[in-house]
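Read in order, the letters of the sequence shown correspond to residues 82 to 322 in this note's numbering. In this text, a Cβ means the ideal position worked out from N, Cα and C, and glycines have one as well. Everything numeric in this text was worked out from a predicted model, so none of it was measured. Remarks on the structure that follows.
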Amino acid sequence: MTAPKGPTFQPLYKQIKELLLERIASGEWPPGTFIPSEASLASSYDVSVGTLRKALNELVADNVVIRRQGKGTAVATHDADRALFRFFNIVSHDGERCLPVSRVLGRTRRAPTADERQTLELADGGEVIHIRRVRELQGTAILLEDIVLDAARFAALENQPEVLPNTLYQLYQQQYGRTVAHADETLVAVRAGRDEVEQLGVASGEPLIEIRRVARDYQDVPIERRISRLSTRDYAYACTL
82 MTAPKGPTFQ PLYKQIKELL LERIASGEWP PGTFIPSEAS LASSYDVSVG
132 TLRKALNELV ADNVVIRRQG KGTAVATHDA DRALFRFFNI VSHDGERCLP
182 VSRVLGRTRR APTADERQTL ELADGGEVIH IRRVRELQGT AILLEDIVLD
232 AARFAALENQ PEVLPNTLYQ LYQQQYGRTV AHADETLVAV RAGRDEVEQL
282 GVASGEPLIE IRRVARDYQD VPIERRISRL STRDYAYACT L
């Protein structure tokens, strides 16, 4: 195996963090596997264990790795519940949080819009996979989602699996080797149109929250563009800063 690259600039622990991220993103340490011990990594990079631990602490805070008591440090996986509770920020007005159920309305392969091409950094002539679904909480439809992916990376998703899982991020990771590390979200106020009236049971023109998300991998490459329209009659968007 090629020896790991050494750090080249300060702060040292930040450089070590980036070097570790590169090895995770390259697939050297797949999701769910344990990385070498702190002492071993510190020795390979010729840094102190304290510096190495500081880099790992940031990766833990970023949900990239998880410390397992008595076992070591493993690359995080998007298991169903963990991924949902990390990226699903919808709660009832009394603060209760529960898992959504998804119902797919359709999947198509098509040419991207100009905004989709720019957001996903698509090559000229590239296409996208467009998934539309409704998400329900306690039997009530509250979210209408449009999910767009680069067809060059996710071609099989046009047809397979026949039944899409509730947690798409777990599917991206396990089947396509694409891990969503973080997401950028923008919230805007919109009014319900025909589709929202039909799928969410809201009134035409009723105020909704539109959540515009771009999900990215460890190296900030865009994986998914998602637009969700939320009915706020019984639920709200909640984020802890």
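Pick from Glu277, Ile304, Gly207: whose alpha carbon is nearest that of Tyr250?
-> Ile304
Reduced DSSP secondary structure (H/G/I, E/B, other) of Leu133 | helix
Is Ser312 near Ile292, with beta carbons less than 7 angstroms apart?
-> no
According to DSSP, which residues form a beta bridge with Tyr318?
-> Ile171
How big is the Cα-Cα spacing for Glu151 and Asp205?
-> Reading off the sequence shown, one finds Gly at residue 151, where the question assumed Glu. The alpha-carbon atoms of Gly151 and Asp205 are separated by roughly 50 angstroms.
Which residues share a DSSP beta bridge with Thr154?
-> Arg148
To the nearest angstrom, how far is it from the Cα of Ala297 to the Cα of Ile212?
-> The identity of residue 297 in the sequence shown is Arg, whereas the question assumes Ala. The straight-line gap from Cα to Cα measures roughly 18 angstroms.
Roughly how many whole angstroms lie between the Cα atoms of Ala123 and Arg104?
-> 15 angstroms
DSSP-derived helix/strand/coil call for Ala296 | strand
Have a look at the DSSP bridge pairing and note the partners of Glu266.
-> Arg294
When you compare each of Gly220, Gln219, Gly207 to Ala236 by their alpha carbons, which one comes out closest?
-> Gly207
Do the CB positions of Leu281 and Ala222 come within less than 7 angstroms of each other?
-> yes
Spatial distance of Pro363 from Ala157 (CA atoms) | Residue 363 cannot be examined here, being either before or after the span of the chain that is shown, 82 to 322.
Buried/exposed call for Pro92, threshold 16 Cβ in 10 Å | exposed
Residue burial classification, Pro242 (beta-carbon count within 10 angstroms, cutoff 16) = exposed
Express the C-alpha separation of Ser125 and Phe115 in angstroms, rounding to a whole number.
-> 16 angstroms
Check the C-beta distance from Gln300 over to Ala106 and give it rounded, since I have them as a contact under 8 angstroms.
-> 5 angstroms
Might you give, ordered along the chain, the residues of its own chain that have their beta carbon closer than 8 angstroms to the beta carbon of Val271, omitting 5 neighbours on each side?
-> Pro288, Leu289, Ile290, Glu291, Arg310
By DSSP, does Ile304 sit in helix, in strand, or in coil?
-> strand
Endpoints, beta strand (DSSP E) assigned at Arg234 = From DSSP, Arg234 is part of no beta strand (DSSP E); its letter is neither H nor E.
Determine the contact status of Leu172 and Glu217, defining contact as a CB-CB distance below 7 angstroms.
-> Before going further, note that residue 172 is Val rather than Leu in the sequence given. Their beta carbons are not under 7 angstroms apart, which means Val172 does not touch Glu217 by this criterion.
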